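Written out below as structure tokens is the structure these notes cover.
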Amino acid sequence: MFEVFGIPSTALFGQLLIGLINGSFYALLSLGLAVIFGMLNIINFSHGAQYMMGAFAAYLLLKYSGLGYWPALIVAPVLVGVTGMIIERLFLRWLYKLDHLYGLLLTFGLALIIEGVARNYFGSAGLPYTLPDSLRGGQNLGFMFLPNYRAWVIVASLAICFGTWFVIERTRLGAYLRAATENPTLVRAFGINVPRMITLTYGFGVALAAFAGVMAAPIYNVSPQMGSELIIVVFAVVVIGGMGSILGAIVTGFGLGVIEGLTKVFFPEASNTVIFVIMAIVLLVRPAGLFGRSG
Amino acid sequence: MDQSANPPHSIRQATRAPSETVAFALMVAILLIAPFFTYPLFLMQVMCFALFACAFNLLIGYVGLLSFGHALYFGWASYLAAYSAKAWGFTPELAILTGTATAAVCGVVAGSLAIRRQGIYFAMVTLALAQMMYFFALQAKFTGGEDGIQAVPRGHLFGLIDLRNEAAMYVVVLMIFLAGFLFIYRVVHSPFGEVLKAIRENEPRAISLGYKTDRYKLIAFVLSATLAGAAGATKAIVLQLASLTDVNWPMSGEVVLMTLVGGLGTIFGPVVGAFVIQFMQYKLAVVGEWVLVIQGVIFVACVLLFRRGIIGEIANWRRIRL
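What follows is the structure in structure tokens.
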């Protein structure tokens, strides 16, 4: 055990780890927002609520059908993704020709509905979600104790983030997607079913949020308001990073998580607000965002 | 904003539409008679929220800027008004001025940051800044944290008129509301307001005509924040309470909802919307958390079916300006 600037190393690395965990959620959520925005031109305000739905889906799967953590990690995002696709077909598709603001307002309304329903059935208090046995315990790294589950969350979200980046930037499917973002009419003329692609994209973005929700369930309590506060921070992350670049969203997400974790060690009072302060500074210095094109 | 959602300004641009004069007279008459039939306290609260929504509408309806963080100005003004009245013994008019000035300062700072980004980013920036100030309010000592500032004295207006008298308080709130309302009407119909509408319709074109649109946007933002602050400060004196509810994000959502229900970009819409939403919450207090769901459903319904809002639909149907 040693000290850094008078802070015990265990505390420092512990907070760094928490920062990385939060950062992986920021990255997953802002990635989903960026993918959805690219394709639908809608800022998905219900993203936080859908993250919460993922956590609740995992909780309910365990409680009522005995499906544990590992199956839930697949089943919950698929279920929530399907509800997302239904939402896209029922509501969002009427808005593509309107001003962006209406998409924000509609998904805000959806977020209120989802959160309100969850509060009615589950109350505001958090519900515990037990860890799978295979991920209990941890490693003693000498300078700190690394719980297995937290290591898994970081690795898994990194894998998902880079997998998404690879699919969008390096595969044929991703090329269609990027082309349809640039010019949907032209892509349709090549015989590609763009409306279906839009539906699937929204479903995928929502599933990413739900995936983050399932991974968050064992760390934080599962509660109806877990999404609404997170989504506002993620908005700030998106403003800082800009939504033009997938890699930018990932880097900004993890980076800000770490900065937030370090703030908790050195200046705990500011840990809630540090990301917003950084956003203000970025707006002053680089109004378009770190990785953003202007707009 | 797209054409279909626009209120029918473009149809006529008379100096003052007779429909507006009639509607204004009707509104004043209702506000004068209503306290004899229902709770004055409820009406005062409605007027505060109506002014709040009118202030918000100045931005979204006439400049096309969606601020998702207007609770910042409303809430911080209400804190400063409550604190100055309670701890420093300010008279109510000074307390309200203190709160309003606070909101104006916050508006200058937040506004000059937010107008650096457009469209959807503008909404996210304002929301994030408001959340930051919410955390400050949560941590600051003087706000009383979760308890808020309670039992704020209403005091004596100009040191003379005792505002514990419900009738006196009502008249004061009515005056503040009408002053704010007429000020916004004046701004919207001034040459300055015409430039704002030009920015809403086509900002690059306004720039090419030589208007410094950023300056116009900032002035509109500060005006909106200041009036929202006046509403919040008045509310703190009326209800003798300033709390975290006033600065938190659901409050920002609520003012969007009130304006959307009444009609974006209409003069009377926010007033009607504020009444409808406050009345609904008052009646639905028994159903608890379902209020959230109902608010959400109204949002969805408004965006999909009634983008013009109540007043906007009436104006469009009767082909008049409201």
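Read top to bottom, the protein sequences are chains A and B. If you read the first sequence in numbering that gives the first Met the number 0, its first letter stands for residue 0, the second for the next number, and so on. If you read the second sequence in numbering that gives the first Met the number 0, its first letter stands for residue 0, the second for the next number, and so on. Virtual Cβ for every residue (Gly too), placed ideally from N, Cα, C. Keep in mind the model is a prediction, meaning the values are calculated, not measured.
Between the stretch 273 to 281 of chain B and the stretch 80 to 87 of chain B, the count of Cβ pairs shorter than 8 Å is below three; the stretches do not touch. Annotation note: the stretch 160 to 219 of chain B contains the following uninterrupted alpha helix (DSSP H) runs of length 4 or greater, listed N- to C-terminal: 165 to 187, 190 to 200, 202 to 207. Residue burial is scored here from C-beta neighbours: Trp75(B) has at least 16 other C-beta atoms within 10 angstroms and is therefore classed as buried. Among the CB atoms of chain B, none fall inside 8 Å of the CB of Leu199(A). Ranked by Cα distance from Gln224(A), the first of Gly83(A), Ile41(A), Gly47(A) is Gly47(A).
The beta carbon of Tyr101(A) falls within 8 Å of a beta carbon belonging to chain B, placing the residue at that interface. Listed along the chain, the chain A residues whose CB falls inside 8 Å of the CB of Ile310(B) amount to none; the nearest CB is some 18 Å away.
The beta carbons of Ile153(A) and Ser23(A) sit about 6 Å from each other, so the pair counts as a contact at 8 Å. Following the DSSP letters along the chain, one finds Leu145(A) inside the beta strand (DSSP E) bounded by residues 144 to 146. Comparing alpha-carbon positions, the option among Leu91(A), Ile274(A), Ala75(A) lying closest to Gly252(A) turns out to be Ile274(A).
With contacts defined as CB atoms closer than 8 Å, Leu226(B) and Gly179(B) qualify as a contacting pair. Within its own chain, the residues whose Cβ lies closer than 7 Å to the Cβ of Gly147(B), once the five positions on either side in sequence are excluded, are Leu240, Ala241, Ser242, Leu243, listed in chain order. Note that the C-beta distance between Phe51(B) and Phe36(B) is not below 8 Å.
Following the DSSP letters along the chain, one finds Gln138(A) inside the beta strand (DSSP E) bounded by residues 137 to 139. Scanning chain B for C-beta atoms nearer than 7 Å to the C-beta of Met225(A) yields nothing, as the closest lies near 15 Å away. Flagged as an interface residue toward chain A: Val255(B), by a C-beta distance shorter than 8 Å. About 20 Å separates the beta carbon of Ala224(B) from that of Gly118(B), a gap too long to meet the 8 Å contact definition. Taking every protein chain shown into account, the CB of Trp248(B) has 16 or more other CB atoms within 10 angstroms, so this residue is buried. The shortest C-alpha to C-alpha distance from Arg214(B) to any of Glu200(B), Leu195(B), Arg204(B) is the one to Leu195(B).
By the neighbour-count criterion, in which a residue is buried when 16 or more other Cβ atoms sit within 10 angstroms of its Cβ, Thr20(B) is exposed. Residue-level contact by beta carbon fails for Gln239(B) and chain A, as no gap is shorter than 8 Å.
In this structure, the alpha-carbon of Ala279(A) lies about 18 Å from that of Glu228(A). Cβ contact annotation for Lys263(A) (same chain, cutoff 6 Å, sequence separation greater than five): Gln14, Ser270, in chain order. For Ala287(A), the closest alpha carbon among the candidates Val237(A), Gly162(A), Asn192(A) is that of Val237(A).
Collapsing the DSSP output to three states places His155(B) in a strand. Taking a Cβ-Cβ threshold of 7 Å, the residues of chain B close to Ala235(A) are Ala127, in chain order. DSSP places Pro194(A) in the uninterrupted alpha helix (DSSP H) bounded by 193 to 215.
The three-state secondary structure of Ala241(B), taken from DSSP, is strand. In the three-state reduction of the DSSP assignment, Val221(A) falls in the strand class. Note that the C-beta distance between Ser222(A) and Ser133(A) is not below 8 Å. With at least 16 other beta carbons inside 10 angstroms of its own, Glu114(A) counts as buried. Taking C-beta atoms under 8 Å as the contact rule, Met51(A) and Ala179(A) fail to qualify, at a distance of about 30 Å.
When the beta-carbon positions are compared, Ala33(A) and Ile245(A) come within less than 8 Å of each other. If you look at Pro76(A), you'll find it in the alpha helix (DSSP H) that goes 68 to 89. By the criterion of a C-beta distance shorter than 7 Å, Ala129(B) is surrounded in its chain by Gly68, Ala70, Leu71, Trp248, Ser251, once the five residues flanking it on both sides are discounted. Interface with chain B (8 Å Cβ-Cβ cutoff): Thr272(A) is included.
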